[in-house]
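FYI, full-length UniProt numbering numbers position 68 of the sequence shown as 68, with every residue one higher than the one before it. Read the structure below first, then the notes.
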Amino acid sequence: MTVVHPNQRVAVLVDSQNLYHSAHSLYSRNIDYSGLLEEAVRGRELTRAIAYVIRADSPEEESFFEALIDIGFETKIKEIKTFGDGSKKADWDVGMSLDAVTLAPHVDTVVLCTGDGDFSRLCSHLRHQGVRVEVMALGPSTADELVEATDSFVDMTDHEETFLL
Numbered sequence: 001m002t003v004v005h006p007n008q009r010v011a012v013l014v015d016s017q018n019l020y021h022s023a024h025s026l027y028s029r030n031i032d033y034s035g036l037l038e039e040a041v042r043g044r045e046l047t048r049a050i051a052y053v054i055r056a057d058s059p060e061e062e063s064f065f066e067a068l069i070d071i072g073f074e075t076k077i078k079e080i081k082t083f084g085d086g087s088k089k090a091d092w093d094v095g096m097s098l099d100a101v102t103l104a105p106h107v108d109t110v111v112l113c114t115g116d117g118d119f120s121r122l123c124s125h126l127r128h129q130g131v132r133v134e135v136m137a138l139g140p141s142t143a144d145e146l147v148e149a150t151d152s153f154v155d156m157t158d159h160e161e162t163f164l165l
C-alpha cells in the first residue's frame, strides 16, 4: 500500500531511546514529541501511539513519561538492567516488533520512529503483509538498510523546527 489518505488507520511506534541519543549526539537537543506525533499522523486516523521508554532512575523521567501521556502516547516502560560488571542495557526492539506485528491486521500504516537498522526486517515483513511502513528518524543516525526497507522515510533533520526542542 503506497497511497496516503485521510481514512488510513495509523499506529505510531516510537523508540524513545534511539531518538533521544540521536538528538543529543547530533544537536544536544530533545525531541518534540507533540510535533512528532502530529507529523506521523498527518491528518489520518490514529489507532495507537506508543512510546517505548526506559526507566533509568533519573529525576525528570516521571514528568517526561507523564508529558508523553498528555500528548497522546501510551507509554511502555522497561527498567534498565545493570549487570555485575557495571554495564547497563535496556532496549525495546523485540517489544516494538511484536506490537507492530500484532497491530498490523488492525491498521493500514505503521510509523516507526527510530533509526535502528534492526527494524529493517520488520519493515519488510509488514510490507509483505500489505501494511504501509513509514520511518521517521534523524537521517545522519539512521541505518541505510532501514531507509531502503520502508515505503516512506521522513528525515527529521530536514525539519528541525518541528521535531527538536
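Every residue, glycine too, gets a C-beta built ideally from N, C-alpha and C. Please read these numbers as outputs of a predicted model, since none were measured by experiment.
- With 16 or more other Cβ atoms inside 10 Å of its own Cβ, Q17 counts as buried.
- T102: member of the alpha helix (DSSP H) spanning 93-103, first to last residue.
- Closest by C-alpha distance to G95, out of V110, K81, K76, is K76.
- By the beta-carbon neighbour count (other beta carbons within 10 angstroms, threshold 16), G130 is exposed.
- Counting only runs that start and end inside the UniProt domain "NYN" (9-156), the beta strand (DSSP E) elements of at least 3 residues fall at 9-15, 45-55, 74-79, 109-113, 132-137, 152-155.
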